[in-house]
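Sequence order for the protein chains is U, Y, C, G, L and W.
Numbering-wise (our numbering), the first sequence opens with residue 1 and increments by one.
Numbering-wise (our numbering), the second sequence opens with residue 245 and increments by one.
Numbering-wise (our numbering), the third sequence opens with residue 489 and increments by one.
Numbering-wise (our numbering), the fourth sequence opens with residue 733 and increments by one.
Numbering-wise (our numbering), the fifth sequence opens with residue 977 and increments by one.
Numbering-wise (our numbering), the sixth sequence opens with residue 1221 and increments by one.
Beta carbons: idealized from backbone N, C-alpha and C, even for Gly.
Heads up, the thing below is written out as structure tokens.
6 protein chains.
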Amino acid sequence: MRTQRAPHELRPITITRNYTKYAEGSVLIAMGETIVLCNATVQKTVPRFLIGKDSGWVTAEYSMLPRATDVRNRRESQQGRPSGRTMEIQRLIGRSLRSIIDLHAMSGYTITIDCDVLQADGGTRCASVNGAFIALADAVDSMLAAGMIGESPLRSTVAAISVGIFNNWPLADLDYLEDSQAMVDMNVVATGKGEFVEIQGTGESRPFSRKDHDILLELALDGIGQISALQFEQLSAQIRQHLE
Amino acid sequence: MRTQRAPHELRPITITRNYTKYAEGSVLIAMGETIVLCNATVQKTVPRFLIGKDSGWVTAEYSMLPRATDVRNRRESQQGRPSGRTMEIQRLIGRSLRSIIDLHAMSGYTITIDCDVLQADGGTRCASVNGAFIALADAVDSMLAAGMIGESPLRSTVAAISVGIFNNWPLADLDYLEDSQAMVDMNVVATGKGEFVEIQGTGESRPFSRKDHDILLELALDGIGQISALQFEQLSAQIRQHLE
Amino acid sequence: MRTQRAPHELRPITITRNYTKYAEGSVLIAMGETIVLCNATVQKTVPRFLIGKDSGWVTAEYSMLPRATDVRNRRESQQGRPSGRTMEIQRLIGRSLRSIIDLHAMSGYTITIDCDVLQADGGTRCASVNGAFIALADAVDSMLAAGMIGESPLRSTVAAISVGIFNNWPLADLDYLEDSQAMVDMNVVATGKGEFVEIQGTGESRPFSRKDHDILLELALDGIGQISALQFEQLSAQIRQHLE
Amino acid sequence: MRTQRAPHELRPITITRNYTKYAEGSVLIAMGETIVLCNATVQKTVPRFLIGKDSGWVTAEYSMLPRATDVRNRRESQQGRPSGRTMEIQRLIGRSLRSIIDLHAMSGYTITIDCDVLQADGGTRCASVNGAFIALADAVDSMLAAGMIGESPLRSTVAAISVGIFNNWPLADLDYLEDSQAMVDMNVVATGKGEFVEIQGTGESRPFSRKDHDILLELALDGIGQISALQFEQLSAQIRQHLE
Amino acid sequence: MRTQRAPHELRPITITRNYTKYAEGSVLIAMGETIVLCNATVQKTVPRFLIGKDSGWVTAEYSMLPRATDVRNRRESQQGRPSGRTMEIQRLIGRSLRSIIDLHAMSGYTITIDCDVLQADGGTRCASVNGAFIALADAVDSMLAAGMIGESPLRSTVAAISVGIFNNWPLADLDYLEDSQAMVDMNVVATGKGEFVEIQGTGESRPFSRKDHDILLELALDGIGQISALQFEQLSAQIRQHLE
Amino acid sequence: MRTQRAPHELRPITITRNYTKYAEGSVLIAMGETIVLCNATVQKTVPRFLIGKDSGWVTAEYSMLPRATDVRNRRESQQGRPSGRTMEIQRLIGRSLRSIIDLHAMSGYTITIDCDVLQADGGTRCASVNGAFIALADAVDSMLAAGMIGESPLRSTVAAISVGIFNNWPLADLDYLEDSQAMVDMNVVATGKGEFVEIQGTGESRPFSRKDHDILLELALDGIGQISALQFEQLSAQIRQHLE
């Protein structure tokens, strides 16, 4: 049971940039005890379906280290394929990032964000989106510096938060214990201007009412506002100037 | 462009029960030109994580025939694994069905619903949920008839609909063309009482506002009301009597 | 035990063309309670080994829905690969179709026939060949209509039947129960002119004599004659005129 | 073109027993320049579907070394799975061996015959059946010697031959060149008493008539008679005495 | 070219224990700019081949994050299997750890060490061994604390180092650039008492003489001595007391 | 326990060239009861990473027949992938061969050596290297004869031997029993001039001292000298003349 945080209060967030030396963007993000390393890679290529379409691409991959959790999980390379959960999450991260970037303004390039969870304590997909956005911004800065693109293709910030109903109370930024006992669980992705990119709500143990839904959405937008502000602080002047 | 239906008007729905002869529930559902065969299988077993927990299980698998679509898709058995999209959809169907069934009231049994898309014209995951529920109900009736369970574990109906913003107009039950051009796309699953089970909204080509979101949610609930009524007509007396 | 059909009497055959709307040929064929959906896809490509050889290609894929049978089978996409039985059957269908088509007369094109078994009650491979041939003919008609080819490359009809020795009696078109108890089981594919394309005979529980073999072969040719006549009725004038 | 052998004349056959030291039966068989190593393994286990059924099992696996052929083939372990052709052949070998063995008389044991083609010059599946039978007989002798079984479960010999129509001439035991140019190709498996176990005939480049078929079948039985005699010479007294 | 370190001088080594909160041992080790996270998991199980043998087991898995290197590598879960290099390295780590632990003294337990390379700058397998040993020791301490075992099964420390000939000079602890240009490359694993556990020497671009070999071996033992001292400092009293 | 050979005495070696008829080099090598078939294939292609680099390539694949050993092993094609051991060995064989060949002198060509173990009695990787070298030399002769290359790219012979400490005695060329009980096990690959290409030493059941190591290395060089002499006898004049 959560005793030390108010419903809308987020866990402490720390953002470490340039965490590794090779990636064009490398961000270690901690939300409470959830820790994700987000590395951005810029490659001069586009996927097959975009060839000849004057567009770039942004995609994401997500994985958890085997002992990121309380019990060790088998490596997906041993199982021969990513799980359904992994694919669902990495597709979400990719869609979230693509929603705020003008792909035509980075034509010919693919940016891949690898989100590797070092420690999981709830909200790993949200932490991944939040860290991935900053890694993406750093990669954009590196492309600007290298003259690959003339101006920033980023049009907004994008952030994610989990909200849920736990013991009949709405709470934001659930940790693992809260999340695993939540009756309703919602992940919301929105831009810095408060527009929605993704809403994924699930009634885990019971359906939920329209009223529950509205309360959770408000809580989510409040949390995303807090995170967006932290993200904005990290942005360079040249990226800020192209935000709409 | 949609010219013949009002925004809230659904495509014609036809439900054919007992479509194949072996399955405990076998429903061919058509929503417009989207056609899905939903076969329910009852097995006296539960997955490993439920052994000894006095519970049953309901799960779903989803697949499209290679030429269900305009262009032929490679078979997933040739690729060696289901795609991320397939896994995401079948997880959604499973969660939707589990939300309205009391798993303890079918302890020791697993019901698997196979949703195979014969023809895809938008909204295949929603048609799958809608048909799968009736196949599930038929399987429950067969279990009652066989004395496997004493009373129906179903607590509500459950239905799904896609809604979206197409040419700046909100529309329900999008067909493939509408869906592929929608700027915002939302899949909503709800019970017959209008409580939400899943909300999955995505701003495909642009983020969307709270207002857009609220309009789409209303449209979705209206459509789900229509589908729920059709589903209810199909239910046996013994299932109806245990709905909450 | 078969009481209602004479040894040479086939189960009722129904052929539904244009069953789905996208495929260039789409045939739902029922032989008794065995039901197969055969969809033909035309693609402007040839496999690697035919590039530059002035030839087209015809191939087939075969699959059963998980609950096409009395007991649910695991999906092959979950197992990571088609089973040996699946591969054996789809190779047979492909060879059968190629035996009656002039591949040089459709140079540069591949026609893929997907045979998906919706309900299996014995003889699925034969029903697949029989339905696939009509789907192939419809695909050829669509190619003629589209001007892809100038004249039909089909040189004959091709049909398949299972025959077997059941309770020491030779029988044609075995259903599942008959087939599973047959001591000798033979699948025969032949053209409309009664020439053999494939003969696959197996002594399941005992070897069989030359005399048994000759009786079965006669029974098979009789049955194929009946099916060929049904197939011929479905053919367009322009296809009929190029049959040898 | 074949100049040195009459149509019914087989290529030279050599049989080397105890080729390797570990296997319970180890036979190197050469038919002309086709060379196959057949190793039999006896294990005290039966497959799941036979547990508790008072039966044994005989199965086969087939593979070609990468450079068994003129052009190097990729290893199937690199491709992640056996090809359709491989599975078809190993299923044929297994069925052939099971047709002449009384599985109840070896209850509780599985014999696996590995057929590995060291050099392929046509007829590898037939050479595999012919060698596998002797390896199986040697394994049976070892089981008798070890007291695992009281008497031989073998009821007949079993042999295989390919026949075909090459340049409009029927020929037996085709080598690779003959086989690849054959218009009709038939593999026949029969017991030492001349009863059929498997007949697999394919009109590769053209359908074939009943008359062609009958000629090929005669040729096949003649060849199988020759091979059966060679096999019989290799059998121990205790196996011979239980042949029917 | 290495200008700032003497041949026998190692890159700076930092060891951070308890890096993550769940694992029974969690060590982040940096050797220069190579950074590896080593997490130890204790499970009450042994692999099948040890059941009933009064033994425990120690094993390791190794992986690199996709962007641990200058160029992004494809995830092994996407490729469906670990590469040959990955398997070779994780087998080496496992053997190294098993060489200094008395498996009978931890009967019934498996310790798995996951070595995940966050940043790779040469010598990742050596850093993995060095960090894995300390994670193993921490896991042993946790087992002692939990009363799973009565005394430490560790009999020695174990450490690893790479040595090579670069520009005709022998060097220890090569970074990526040095390693990629080394003419001879040797990985040596040895105990704290200077006894060898593994020697893997490869003449990458040219064979090497006995004299080269002896010089490299001396250099390796010197480096391992330095690392062993660092490791020893980290050990608890109860582990130290059982070192031989 | 070894009673009939002195520590430095090798098991009898027999080399059969042109064992199969298709391969450009085909060598059956027996070292004692270990028997490996080494087939060399020449292809006019290079791997992707060498395109445009004026180089050729030499690589190896290794496999064991399922019953090459006392107990039958599952086929790797059934498991979907080569084991870690297989990959480790084939990488070793490839590196060994590449160490003594000038890849630039065979630019544009790849030689693949398939080493398939027919019978395994210890030292299979060493027998593979020893036989593979001769198959490689035969392939080089065939390339010279075909005018693909103007002169031999081989610069030395290369041979391998296993040595170990068994019952506290150093022994060369261990058979399976000796190897499985060896406390220390070393595989050494060296050129005909006695220069090392690979040294892989492992303390299986206990670490080993520098002195043990030196004794084993001497024993290995002695054995490699014996094998190199046998290999040299097999070489053509045109290959001998380019050895350094």
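Task: Contact set between T801(G) and chain W, taken where Cβ atoms lie within less than 9 Å - done: Chain W residues near T801(G): Y1242.
Task: Under 8 Å between C-beta atoms of T522(C) and S514(C) - done: no
- [ ] Would you identify the three-state DSSP class for S960(G), choosing helix, strand or coil?
- [x] helix
Task: Limits of the alpha helix (DSSP H) - the one that E88(U) falls within - done: G84 to R98
Open item on the list: What would DSSP say about M977(L), mapped onto helix, strand or coil?
Closed with: Because M977(L) sits at a pLDDT of 46, beneath the cut-off of 50, its placement in the model cannot be relied upon, and the following sentence gives the value as read from the coordinates. Correct three-state label for M977(L): coil.
Task: Backbone CA spacing between M915(G) and V617(C) [nearest angstrom] - done: 21 Å
Task: N-terminal and C-terminal residue of the beta strand (DSSP E) that R505(C) is part of - done: I501 to R505
- [ ] Starting from L624(C), trace the beta strand (DSSP E) both ways and give me its first and last residue.
- [x] Here L624(C) belongs to no beta strand (DSSP E); instead the alpha helix (DSSP H) covers T612 to A633.
TODO: Please name the residue in S449(Y), K297(Y), P326(Y) and R319(Y) whose C-alpha comes closest to that of F410(Y).
DONE: Ranking the options by Cα distance to F410(Y), first place goes to S449(Y).
Task: Run of the beta strand (DSSP E) containing I589(C), from where it starts to where it stops - done: No beta strand (DSSP E) contains I589(C), which DSSP labels as neither H nor E.
Open item on the list: For the structure I just gave you, are there three or more beta carbon pairs, one from the segment 1292-1310 of chain W and one from the segment 1222-1236 of chain W, closer than 8 Å?
Closed with: no
TODO: Please determine if the segment 349-364 of chain Y and the segment 281-293 of chain Y are in contact, where contact requires at least 3 C-beta pairs separated by less than 8 Å.
DONE: Yes: at least three Cβ pairs fall under 8 Å.
Open item on the list: By the DSSP assignment, the alpha helix (DSSP H) with E666(C) in it spans what residues?
Closed with: Y664 to Q669
Open item on the list: Report the CB separation of D121(U) from Y62(U) in whole angstroms; it is logged as a contact under 8 Å.
Closed with: Contact doesn't hold; Cβ gap of about 16 Å is too wide.
- [ ] Say whether chain C places a C-beta atom closer than 8 Å to the C-beta of Q810(G).
- [x] Any Cβ of chain C closer than 8 Å to the Cβ of Q810(G) would place that residue at the interface, and such an atom is absent.
Task: Top-ranked residue by Cα proximity to A1227(W), from M1406(W), V1360(W), E1464(W) and V1383(W) - done: A quick correction: the sequence has Pro, not Ala, at residue 1227(W). P1227(W) has its Cα closest to that of V1383(W), out of M1406(W), V1360(W), E1464(W) and V1383(W).
Open item on the list: For the beta strand (DSSP E) containing I239(U), name the first residue and the last one.
Closed with: Segment A237 to R240 is the alpha helix (DSSP H) holding I239(U); no beta strand (DSSP E) there.
- [ ] Return the residues of the segment 1005-1017 of chain L that lie within a Cβ-Cβ distance of less than 9 Å from chain U, sorted by chain order.
- [x] E1009, I1011, L1013, N1015, A1016 and T1017
Open item on the list: I'd like to confirm the pairing. Which residues does DSSP put opposite I113(U) in its beta bridges?
Closed with: A40(U) and A60(U)
Open item on the list: Strictly under 8 Å for the Cβ-Cβ distance: is E930(G) near chain C by that measure?
Closed with: At least one CB of chain C lies nearer than 8 Å to the CB of E930(G).
TODO: Determine the closest residue to R1276(L) out of Q1066(L), A1213(L), Q1207(L) and H1218(L), with distance taken between C-alpha atoms.
DONE: Missing from the structure shown is residue 1276(L); chain L here goes from 977 to 1220 and no further.
Open item on the list: To the nearest angstrom, how far is the alpha carbon of R1024(L) from that of M1284(W)?
Closed with: Taking the straight line joining both Cα atoms gives about 23 Å.
TODO: Determine the DSSP secondary structure at E1000(L), reduced to helix, strand or coil.
DONE: coil
TODO: Starting from S1138(L), follow the alpha helix (DSSP H) in both directions and report where the run begins and ends.
DONE: Per DSSP, S1138(L) belongs to no alpha helix (DSSP H); it is in the beta strand (DSSP E), V1134 to F1142.
Task: 6 Å Cβ shell around G192(U) - same chain, five flanking residues per side excluded - done: Excluding sequence neighbours, G192(U) sits near S156, T157 and S228.
Open item on the list: Is the beta carbon of L1312(W) closer than 8 Å to that of A1352(W)?
Closed with: no
- [ ] Anything in the segment 445-478 of chain Y with a Cβ closer than 9 Å to a Cβ of chain C? List those residues in chain order, please.
- [x] none
Task: Per-residue contacts from E1171(L) into chain W (C-beta, under 7 Å) - done: P1427, F1428 and S1429
- [ ] Would you please verify whether the beta carbon of G408(Y) is less than 8 Å from any beta carbon of chain U?
- [x] no
Task: Proximity to A172(U) [Cα-Cα], best of S99(U), T14(U) and I215(U) - done: I215(U)
TODO: For the beta strand (DSSP E) containing E930(G), list its first residue and its last residue.
DONE: Segment F928 to G935, the beta strand (DSSP E) holding E930(G).
Open item on the list: Looking at the secondary structure, which residues open and close the alpha helix (DSSP H) in which E639(C) lies?
Closed with: Note, E639(C): premise wrong, no alpha helix (DSSP H); not H, not E.
Open item on the list: What does the Cβ neighbour count give for W413(Y), buried or exposed, with the cut at 16 atoms within 10 Å?
Closed with: exposed
Open item on the list: I'd like to know whether the C-beta of T600(C) is nearer than 8 Å to at least one C-beta of chain Y.
Closed with: Under the Cβ distance rule, T600(C) counts among the residues neighbouring chain Y, one pair being separated by less than 8 Å.
Open item on the list: Rounded to whole angstroms, what is the Cα-Cα separation between G469(Y) and G438(Y)?
Closed with: C-alpha separation (whole angstroms): 7 Å.
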